[in-house]
Amino acid sequence: NAGVTQTPKFQVLKTGQSMTLQCAQDMNHNSMYWYRQDPGMGLRLIYYSASEGTTDKGEVPNGYNVSRLNKREFSLRLESAAPSQTSVYFCASSDRGQGAGGYTFGSGTRLTVV
Amino acid sequence: TQLLEQSPQFLSIQEGENLTVYCNSSSVFSSLQWYRQEPGEGPVLLVTVVTGGEVKKLKRLTFQFGDARKDSSLHITAAQPGDTGLYLCAGARGSNYKLTFGKGTLLTVNP
């Protein structure tokens, strides 16, 4: 099925460990996004890529890095995980600027940092 | 500062009841979207409204965009247990590629 695929679905890290969250879309969308969702905080934008070859910071970029590997793939890296990064992470893609065509979300990665 | 305020935060109703949830802002948006998120899944787009005063209907769901494009509402008629979920509104501003999300309304429809 066409859509956004995120891996892994679940992950437990120890404080200080690093990991990369993978995201791939097969809809030929130009723009891709990484959000985190926390209780009472809603969805907060970490980084986004308006088009292949560009990345920009969102609302909460500290502690994260991203790579737009190609048009399909957009990865999120935690270099030194902290308990405050325990969250559910969502990748999304959209066809046009302003998300005018709507975002397609992946099913999320549930990350726990202990 | 939360650009999009959603209310109520929680809503628990019985099957068959009607309900309205709201999405308000002091900012003008070029378009506004509504998403529904079920437990363990990502949000799924329900509708996009782009014109002030626009009304869109999706079966039992009616979406309205305020005349000034600062607010929106979602009305559900004869709610069903399958409507249970987190309803999120999200706004786009100008040429910005980023959507701003509200914190959501968690709806529970009891059989």
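Heads up: the protein sequence lines correspond to chains W and Z, in order. Residue numbering for the first sequence follows our numbering, beginning at 13 and increasing consecutively. Residue numbering for the second sequence follows our numbering, beginning at 15 and increasing consecutively. Every residue, glycine too, gets a C-beta built ideally from N, C-alpha and C.
Secondary structure of residue i, DSSP reduced to three states
| i | result |
| --- | --- |
| D50(W) | strand |
| G120(W) | coil |
| D68(W) | strand |
| D107(W) | coil |
| D85(Z) | strand |
Residue burial classification, residue i (beta-carbon count within 10 angstroms, cutoff 16)
| i | result |
| --- | --- |
| V42(Z) | exposed |
| Q110(W) | Any answer about Q110(W) is weak, because its pLDDT of 48 lies below 50 and its placement is not dependable; what the coordinates show is given next. Buried is the call here. |
| V125(W) | buried |
| L57(W) | buried |
Test: residue i CB closer than 9 Å to a CB of chain Z
| i | result |
| --- | --- |
| G28(W) | no |
| A16(W) | Contrary to the premise, residue 16(W) reads as Val rather than Ala in this sequence. Chain Z contact via Cβ: present. |
| G111(W) | A caution first: G111(W) carries a pLDDT of 49, below 50, which makes its placement in the model too unreliable to give a value. |
| S99(W) | no |
| Y45(W) | yes |
Counterpart residues of residue i in DSSP-defined beta bridges
| i | result |
| --- | --- |
| F102(W) | Y47(W) |
| T119(Z) | Y101(Z) |
Contact with chain W by residue i, beta-carbon distance below 9 Å
| i | result |
| --- | --- |
| P57(Z) | yes |
| G147(Z) | In the structure as shown, chain Z starts at 15 and stops at 125, and residue 147(Z) therefore has no counterpart that could be examined. |
| G118(Z) | yes |
| F115(Z) | yes |
| T34(Z) | no |
| Y49(Z) | yes |
Between the region 27-39 of chain Z and the region 76-96 of chain W, do three or more beta carbon pairs fall short of 8 Å?
-> no
Should the region 82-94 of chain W be regarded as contacting the region 54-62 of chain Z, the criterion being three or more beta carbon pairs within less than 8 Å?
-> no
Taking three-plus beta-carbon pairs below 8 Å as touching, is the region 58-66 of chain W in contact with the region 33-49 of chain W?
-> yes
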